[in-house]
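K.L.:
For the first sequence, this note's numbering gives the first residue as 243, with consecutive numbering after it. Even for Gly, the Cβ is constructed at its ideal location relative to N, Cα and C. Quick one: the structure is below, and I'll ask about it shortly.
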Amino acid sequence: MSDYLEGLNPPQRAAVEQMEGPMIIIAGAGSGKTRVLTYRIAHLLKNGVDSFQILSLTFTNKAAREMKERIGAVVGKSEAKNLWMGTFHSVFARILRSEADKLGYPSSFTIYDSQDTVRLMNSIIKELGLNKEQYKTKAILGRISQFKNNLITVKAYRNNPELIEADTMAMRPQMGAIYKAYVDRCFKAGAMDFDDLLLRTNELLVRFPDVLSKYQDRFRYVMVDEYQDTNHSQYLIVRALADRFQNICVVGDDSQSIYAFRGANINNILNFQKDYPDVKTFKLEQNYRSTSNIVEAANSLIEKNKTRLDKTIFTANDEGGKIKIMRTLSDGEEGRWVANSIFENAMNLQKTYDDFAILYRTNAQSRAMEDALRKKGIKYKIYGGLSFYQRKEIKDLLAYLRVIINPNDEEALKRVINYPARGIGATTIDKLTIAANHYGKSMFNVLQDLDNTDIKIQGATKNKLVNFSNLIEGFQISAQANNAFEVADEVVKRIGLIKDLQGDGTPEAVSKVENVQELLNGVKDFIEERKEQDLDNSLTAFLEDVALATSQDSKEDDEPMVSLMTIHLSKGLEYPYVYIPGMEETLFPSAMSINTRSELEEERRLFYVAITRAETQCYLSFAHTRYRWGKLIDCEPSRFLEEIDEKYIEHLAPQRDKVVANRFVDSNLFEDDIPRDKIRFRKPVSRSIRNQDKPAEKKTPFKQPQNLKRVTPSLAQKLGTSKPAQKLAVGNKVNHAKFGNGEVLQVEGTGVNIKAEVKFEGIGTKKILLQFAKLNILE
DNA sequence: ACAGAAAAGATTTTT
DNA sequence: TCTTTTCTGT
């Protein structure tokens, strides 16, 4: 019966068998963390713990679902069903729904996604008459998010001179007013943003001790996965809930903390031992995922971080291939190289495309990869980006459903009030907004009571408004009698959505219609699935599911495809072959994150996460030029490349071509790594042909030579320094244009500061900065 | 009120 | 480069 314990190594087993008291499992990458978590819950259940008493918080819905399935396999499905398992946001949304009235919210409160909050903030800034250059929507929202994650309410903000001072200094003196307006509007709309789901939970637990007591008593065993990525708000919730029984088990890896930018506090995991002095610590240090080359390379990288918990990741796996680094001229060439390499590996090693992943720092990098993959005929899927539920046609339909459930949901209302177009324009909406603010009512209430408001709206427009509000009220009545699918279907038919989308029959239009159809099917599936499991299948439940769904949660495809995603999204996943393009300064590490040590360390952890996704082979690449912001810019290899111990690395880029090198040195152009064909043939031919039918002044004639000139000096420097440590070794015989022949005695420094000590015949020893030296390797 | 044109903005990561 | 916002004229 307890055979599930057999396959575990000693620390894994010890962690599984530790049932009571505070404990922390420090789980290195690929150390079988999910297994331990799963079996630990199974173990609790087997030992008589009631499944209703376990709360398990994960980072993604997907992780929760998978874990539930695996537990179900061990202890039986019906038992697993009772577990409270999910993301912080989804679990606490559920709790907040049942306790909403205590906080003055309707239990059918809406969850605002980031699109909604941006729209709301835009209108607030406009209404307050603020300069939008000075008050950037995103920056303001980011600041408010910070406040909320640290439980700083509007009141607390106003009583905090330091915060006010900081905002005043940052040229945002109206921050407090904006914050208040934002919170008020959300509240009035019966809406919570993502941060509210945590903040309001805290409020609930603090203000209502009986509620806290209830949930403390209910959740006698609390588990938190990815603890290194919890923020302060989450930290407090967890601590409060576990306070009575102290059966709290957190799992995480400080080396994989990559969400500081959205408030994650790595100190939560670093200080856990201080919070619970009698904590039991378990370390899972054996990596089962990757080859030893990958594990060791990642170790050598992460050692460069100063703030770390003490642990040593090791593996018993094969050595495997070294980490391969490729250098290319341009981002386009980088993409082609990746696509080719995937194609060849799949072919030669008999792998399917499922075995490959391309992980990048920024979403913008996907394009070059996509282009190359498409040309090569390789199927791929992109995770992240616009999820299905964020597409316009879907959001529009969802907005109708939201208004039906919660007519005070202003963002949804504004979305649908004139969609499909029914002649209610911006002017009218502005008037309604003003009236709503003035009377302290929701916009929909104003609509229902037009006669008792003194806003000047023309008769024709007024009719349209009345028709609209009647339409919604009709839906609401229907929603009381019919299920979610029937309501959604009725909405689509009544507003003529399909007809509106069909339009001109372009492929885009067709796909929009299909999307709407798919959403309807989705509602149907949802209802049936929930019915089967005897769960809430209301429209409200559906909308909540959708609001908290992420792109990772989409269904699996049957056809094998290469996976493309940001490194952030890749956390928790693993692939045999991993490609990490764009290993360049200002891209990775990002230019925004090189100013402080902690930011840089987070970037390094991000790189660590990326490398450790790989099971058998990891490829890194960088380009010398890249299109960014529509401009061709020069790039320098990432500093991270030099931080991996050389012995785990193999460079794939061709070595310097000496003949070419010499020729270029003579003319003071020594970008000898550029293959000759590339110099001649990069696009100018086709461009000049295309330019023939364009006005002369618009064309950029022979951009190529221009680029060469502009690029030359710096590119030369970079090529000279790109891998000098490897290229220029002690003992090399070199030639210098001025000093003649010599022998390398020493190489020191990094990046642009690499120096070589060279003994020249008849001249003596010189220290030369490779960045400027015109050295040719003779042997 | 709306379509088409011009200008601005974006690219760090997201539950 | 490509998308989104704002302006302009009807």
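Can we say the stretch 414-423 touches the stretch 310-318, given the rule of at least three CB pairs closer than 8 Å?
P.N.:
The stretch 414-423, when compared against the stretch 310-318, does not touch it at the 8 Å Cβ threshold.
K.L.:
With 16 other CB atoms within 10 Å as the buried threshold, where does Val729 fall?
P.N.:
buried
K.L.:
Quick test of your reading: Glu845 and Ser832, contact by CB under 8 Å. State the CB separation rounded to the nearest angstrom.
P.N.:
6 Å
K.L.:
Can you have a look at Lys368 and say buried or exposed, based on whether 16 or more other CB atoms are within 10 angstroms of its CB?
P.N.:
Classification for Lys368: exposed.
K.L.:
My assumption, with CB atoms under 8 Å, is that Ile666 sits in contact with Ile676. Please give the rounded CB distance.
P.N.:
Taking 8 Å as the upper bound for CB-CB distance, Ile666 and Ile676 are not in contact here, some 15 Å apart.
K.L.:
With 16 other CB atoms within 10 Å as the buried threshold, where does Glu786 fall?
P.N.:
buried
K.L.:
Ignore the nearest five residues each way along the sequence and tell me which others in Met413's own chain have a CB closer than 7 Å to its CB.
P.N.:
Excluding residues within five positions, the ones whose Cβ falls inside 7 Å are Gln376.
K.L.:
Should the stretch 426-444 be regarded as contacting the stretch 350-368, the criterion being three or more beta carbon pairs within less than 8 Å?
P.N.:
yes
K.L.:
According to DSSP, simplified to helix, strand and coil, what is Gly682?
P.N.:
Here Gly682 sits in coil by DSSP.
K.L.:
Any contact between the stretch 634-652 and the stretch 598-614? By contact I mean 3 or more CB pairs, one from each, below 8 Å.
P.N.:
no
K.L.:
Would you say Ala219 and Asp467 are within 8 Å of each other, going by their C-beta atoms?
P.N.:
In the structure displayed, the chain extends from 243 to 1021; residue 219 sits before or after that span and is not available.
K.L.:
Quick one, which of Leu543, Phe461, Lys621 has its alpha-carbon nearest Trp326's?
P.N.:
Answer by Cα proximity: Phe461.
K.L.:
What is the rounded straight-line gap between the Cα of Ile740 and the Cα of Thr669?
P.N.:
If I take the Cα positions, the gap works out to 27 Å.
K.L.:
In three-state terms, what does DSSP make of Met465?
P.N.:
strand
K.L.:
Do Lys323 and the ligand MN come close, with the Cβ less than 7 Å from some heavy atom?
P.N.:
Ligands displayed in this structure: none; no statement on the ligand MN is therefore possible.
K.L.:
Check whether the stretch 536-555 touches the stretch 253-272, taking contact to mean three or more Cβ pairs, one atom from each stretch, closer than 8 Å.
P.N.:
yes
K.L.:
Please classify Glu653 as buried or exposed, where buried requires at least 16 neighbouring CB atoms within 10 angstroms.
P.N.:
buried
K.L.:
When the Cα of Ala783 is compared with those of Phe294, Ser350, Gly290, which residue comes out closest?
P.N.:
Ser350
K.L.:
Which whole runs of the alpha helix (DSSP H) in the stretch 251-279 are 4 residues long or more, in chain order?
P.N.:
DSSP runs (the alpha helix (DSSP H)) wholly in the stretch 251-279: 252-259.
K.L.:
Residue range of the beta strand (DSSP E) that Asp871 falls in?
P.N.:
Per the sequence shown, residue 871 should be read as Trp rather than Asp. It is not in any beta strand (DSSP E) - Trp871 carries neither H nor E in the DSSP assignment.
K.L.:
Might you give, ordered along the chain, the residues of its own chain that have their beta carbon closer than 8 Å to the beta carbon of Leu372, omitting 5 neighbours on each side?
P.N.:
Gln416, Ile420
K.L.:
If we ignore side chains and look at the alpha-carbon of each, how far apart do Ile567 and Pro823 end up?
P.N.:
10 Å
K.L.:
Beta-carbon within less than 8 Å of Gly284's beta-carbon, same chain only, minus the 5 sequence neighbours each way: which residues are those?
P.N.:
Note on residue identity: the sequence assigns Ala, not Gly, to residue 284. These residues qualify, in order along the chain: Tyr246, Ile313, Val316, Val317.
K.L.:
What is the residue span of the alpha helix (DSSP H) that Phe514 lies within?
P.N.:
Segment 514-517, the alpha helix (DSSP H) holding Phe514.
K.L.:
Take Asn444 as the anchor and find which of Asn489, Leu338, Leu526 has the nearest alpha-carbon.
P.N.:
Leu338
K.L.:
Am I right that Ile329 and Leu790 are in contact with their C-beta atoms under 8 Å? What's the rounded C-beta distance?
P.N.:
Residue identity differs from the one stated: residue 329 is Thr in this sequence, not Ile. In this structure Thr329 touches Leu790 by the C-beta definition: roughly 7 Å separates them, less than 8 Å.
K.L.:
By the three-class DSSP mapping on this structure, what secondary structure does Met363 have?
P.N.:
helix
K.L.:
Can you give the beta carbon distance from Arg578 to Ala614, rounded, assuming they're within the 8 Å contact cut?
P.N.:
5 Å
K.L.:
Counting only runs of 4+ residues fully inside the stretch 414-491, write out the alpha helix (DSSP H) ranges in chain order.
P.N.:
Entirely contained in the stretch 414-491, the alpha helix (DSSP H) runs reaching 4 residues are, in chain order, 417-430, 436-449, 451-460, 474-483.
K.L.:
How long is the line joining the alpha carbons of Thr838 and Ile508, rounded to whole angstroms?
P.N.:
16 Å
K.L.:
With a cut-off of 8 Å on the beta carbons, I'd call Arg664 and Lys706 a contact; round off their distance for me.
P.N.:
6 Å
K.L.:
Looking at the structure shown, is Gly328 part of a helix, part of a strand, or coil, going by DSSP?
P.N.:
strand
K.L.:
Which residue's Cα is closest to the Cα of Lys889: Glu561, Lys617, Arg449?
P.N.:
Among Glu561, Lys617, Arg449, the Cα nearest to that of Lys889 belongs to Glu561.
K.L.:
Quick one: is Val448 buried, meaning 16 or more other Cβ sit within 10 Å of its Cβ, or exposed?
P.N.:
exposed
K.L.:
Across which residues does DSSP place Thr828 in a beta bridge pair?
P.N.:
Residue pairing of Thr828 in beta bridges, as defined by DSSP: Ser832.
K.L.:
Around the Cβ of Asn364, are there at least 16 other Cβ atoms within 10 angstroms (buried) or fewer (exposed)?
P.N.:
exposed
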